[in-house]
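S.K.: All residue numbers for the sequence shown refer to the working numbering, where the first residue is 3 and numbers rise by one.
No residue lacks a Cβ here, since even glycine has one placed at the ideal position from N, Cα and C.
Please read all numbers here as calculations on a predicted model, not as lab measurements.
Quick one: the structure is below, questions incoming.
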Amino acid sequence: MPTIPTMNLVFGTGCMLELLFTCAIFYARVVIANRSGKRWDPKRRRAVVLTEIELGTQTLNMAAFLTTNAIQLADRCTFFPRSIVWLGLVQWLCWNTLCLISWVHADRFRPVPNEKDSTLARPGANEVPLATDLPLTSHWRKLALWLAFLGTTVATNVKLADGPADRASGLSQCDASLLDCHQTAGLLVGQAISIVLIILYLLLYLYATRRSLQQLSRFSYNRFRVGNRLIRIQIRLRVLAVCVFLLCCILYALLQFSSCVSYWVSWLGFLPMQVITTAIVAGQCFLDSPKQPSDKETLLAFLQEFAWTEASQPAKRSARSASLKRTTGQAEGIDKEPMWCFETAVKLMHWCSLCYAFDKADTSVALKTAMELYHLEEYEMIWEERVDTLCLLAAGPGTVVIAFRGTASMAGLLADMKIWRTPWPPAAGTWRSRPKVHTGFLHCYRSGELDVRLARGVRRAVQRAARAGAGPVRVLVTGHSLGGAL
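What follows is the structure in structure tokens.
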């Protein structure tokens, strides 16, 4: 039966190359992250450690798989030599560890309201934590199944290794010799227990996934947004593969179970399971691979801060920059960056809604209310009828508001559909670096010299605001849909 080892070697080599490539990329990222001097988040470190164990285990599993099949292909008529027996044991122990890791992954994202672990005793940790906040040692109870599988596999392997290697007298008798061979009762029991334990692992994984989803559903989605997203990623990555894995175990076990063929195939290795697990591990490495450390990531983290009110925004911005060292230059850079404000967003949303209801008598969005939001005194409407583009300009002491209407007619819809890009401004850059914009939006912006009229209106509004106010003029630009693009 040379076909099975040959197929295993061909497809297994491809999987091994993928694993080696994944190892190179993943560990390079880890080394770069360690050398950067940046602090690891404990949850992030635990996730990377778990992925490192999974990647290393599957690489060892694949190496044993390839070596086993190469030995069998080199000596086709010797079945169960000690080298194959012990390499088969390595594979089964790797499967034991990989199944345990998958079970841990399914259980990491559930809320643990009754957990009293001391690692959670930190400021602000009075909320219900996720299992990701706990050390990996908190899953120690799962080792009971791991040890049971280990003991069963080692005992079966020792019994098989004590027997003499079965060698047929000629190549023509190889297949017949293997088919006529039958396992002893002890080996049958050992193999059956091993398969049952693997199936139990997979069923426990599915149960843990279902339990995590049920416990997360008891809380609002946003409270455990990261946990909800990660458990769903794990479902997409692993559940279908686990079901295929389960099917492979059952089918391979039922393949002439009492004959040596079943045991021989299981000791050479299950190719579909190797391919599926390699894909899972590569996907997990992609998810948990550390990002390249850079100052940009630090900046993005600080830009997530926001202010509830416009009155508190200056103090919030000062506190944001004060948390960075001035010597690094980051504080000066972040001073120039904006800070999102909830109050400003609500006010500008009112102006966006007003653009759609400006010419309607029966509406809950009032112009008077919009003007009072920033104590504005004058307004102007600019409308280009041919493309149905509408803009509202309003000015007051120290403030100018510019609001664009979005798609509100067939003319706007046709503009939305012109998705190809056009160079703008015309003389800027070379053919490779030339900036380009949406053709339909540019047409709306320039039709009927709307851009010229708009520039004049904005200039007048800014001048009025400057005359009325003592300080610098604040210009707020907003729009919805097509208006946002303009």
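Smallest Cα separation from G473: which of P399, D453, T441?
M.R.: The option with the nearest alpha carbon to G473 is P399.
S.K.: Can L248 and I201 be called in contact, C-beta distance under 8 Å?
M.R.: Against a cut-off of 8 Å, the Cβ pair of I201 and L248 comes out as a contact.
S.K.: Which same chain residues end up closer than 8 Å to L11 when comparing Cβ atoms and leaving out the 5 residues on each side of it in sequence?
M.R.: L68, N71, A72, L75, listed in sequence order.
S.K.: Identify every run of the beta strand (DSSP E) within the stretch 398 to 458, keeping only runs that are complete inside it and at least 3 residues long; order them along the chain.
M.R.: Listed in chain order, they are 401 to 406, 423 to 425, 438 to 440.
S.K.: How many Å lie between M373 and V367 at the Cα?
M.R.: Looking at the two C-alpha atoms, the distance is approximately 11 Å.
S.K.: Pairing CB atoms from the stretch 101 to 117 with CB atoms from the stretch 141 to 155, are three or more of them under 8 Å?
M.R.: Counting Cβ pairs under 8 Å, three or more are found: they touch.
S.K.: Let me check one thing: in DSSP terms, what residues is T391 bridge-paired to?
M.R.: DSSP lists E386 as partners of T391.
S.K.: Measuring alpha carbon to alpha carbon, tell me which of D390, D43, L62, K370 ends up nearest C25.
M.R.: The shortest C-alpha separation from C25 is found at L62.
S.K.: What's the gap between the Cα of L416 and the Cα of G442?
M.R.: Using only the alpha carbons, I get a separation of about 8 Å.
S.K.: Using a 10 Å radius around the Cβ and a threshold of 16 neighbouring Cβ atoms, would you call R124 buried or exposed?
M.R.: Low confidence applies to R124: its pLDDT is 43, below 50, so where it sits in the model is not reliable, and the reading given next is rough at best. By the neighbour-count rule (16 or more Cβ atoms within 10 Å), R124 is not buried but exposed.
S.K.: Have a look at L289, G285, F288, E339 and flag the residue whose alpha-carbon is nearest the alpha-carbon of F308.
M.R.: Nearest C-alpha to F308: E339.
S.K.: Given a cut-off of 8 Å, decide if L21 and T391 are closer than it, judged by their beta-carbon atoms.
M.R.: For T391 and L21, no; Cβs fall outside 8 Å.
S.K.: If you follow the beta strand (DSSP E) that L1 is in, where does it begin and where does it stop?
M.R.: The structure shown does not extend to residue 1, since the chain is modelled only from 3 through 488, so no value can be given for it.
S.K.: When we look at the beta-carbon of F288 and count the other beta-carbons within 10 Å, is it buried (16 or more) or exposed?
M.R.: With fewer than 16 other Cβ atoms within 10 Å, it is exposed.
S.K.: Determine the direct distance from the alpha carbon of L136 to that of R423, and round the result to whole angstroms.
M.R.: Looking at the two C-alpha atoms, the distance is approximately 50 Å.
S.K.: Can you tell me whether DSSP reads W342 as helix, strand or coil?
M.R.: In this structure, W342 counts as strand in the three-state DSSP scheme.
S.K.: Leaving out the 5 sequence neighbours to the left and right, which residues in its chain are closer than 6 Å to S411 when beta-carbon positions are compared?
M.R.: Cβ within range, chain order: D390.
S.K.: Just to confirm the assignment, what range does the beta strand (DSSP E) spanning T488 have?
M.R.: According to the sequence shown, residue 488 is Leu rather than Thr. Element bounds for L488: n/a, residue is neither H nor E.
S.K.: Where does F272 fall in DSSP's three states?
M.R.: Coil.
S.K.: Using only the alpha-carbon positions, how far apart do L100 and T5 sit?
M.R.: Each residue's alpha carbon lies about 27 Å from the other.
S.K.: So, using beta-carbon positions, are W105 and A210 closer together than 8 Å?
M.R.: Their beta carbons are under 8 Å apart, which means W105 touches A210 by this criterion.
S.K.: So, is the C-beta of Q276 closer than 8 Å to a C-beta in chain D?
M.R.: No chain D is present in this structure, which holds just one protein chain.
S.K.: Do C17 and T59 have their C-beta atoms closer together than 8 Å?
M.R.: No; because the gap between Cβ atoms is not below 8 Å, this pair is not in contact.
S.K.: Rounded to a whole number of angstroms, what is the C-alpha to C-alpha distance between V464 and S314?
M.R.: Roughly 25 Å between the two C-alpha positions.
S.K.: So V477 is in the beta strand (DSSP E); what residue range does that whole segment cover?
M.R.: First-last of the beta strand (DSSP E) with V477: 476 to 481.
S.K.: Between the C-alpha atoms of S320 and F226, what's the straight-line distance to the nearest angstrom?
M.R.: Those two C-alpha atoms are separated by around 30 Å.
S.K.: Beta-carbon within less than 7 Å of P7's beta-carbon, same chain only, minus the 5 sequence neighbours each way: which residues are those?
M.R.: Result list for P7: N71, Q74, L75, L270, in chain order.
S.K.: Around the Cβ of A146, are there at least 16 other Cβ atoms within 10 angstroms (buried) or fewer (exposed)?
M.R.: A146 is exposed by the Cβ-count criterion.
S.K.: Looking at the structure shown, is A313 part of a helix, part of a strand, or coil, going by DSSP?
M.R.: Reduced to three states, the DSSP call for A313 is coil.
S.K.: Tell me, which residues are paired with E380 by DSSP?
M.R.: Paired residue(s): A397.
S.K.: Could you check the C-alpha separation between L350 and R407 for me, to the nearest Å?
M.R.: Rounded to whole angstroms, L350 to R407 spans 12 Å at the Cα level.
S.K.: Report the rounded CA-to-CA distance for I27 versus R231, giving the unit in angstroms.
M.R.: For I27 and R231, the distance between alpha carbons rounds to 25 Å.
S.K.: Have a look at the DSSP bridge pairing and note the partners of G7.
M.R.: For the sequence presented, residue 7 should be read as Pro rather than Gly. Answer by DSSP bridge pairing: none, since P7 is not bridged.
S.K.: For L394 versus Y381, is the C-beta spacing smaller than 8 Å?
M.R.: It is a contact, given that the beta carbons lie within the stated cut-off.
S.K.: Name the one or two DSSP bridge partners that P131 has.
M.R.: Note: P131 sits in no beta bridge, so no partner.
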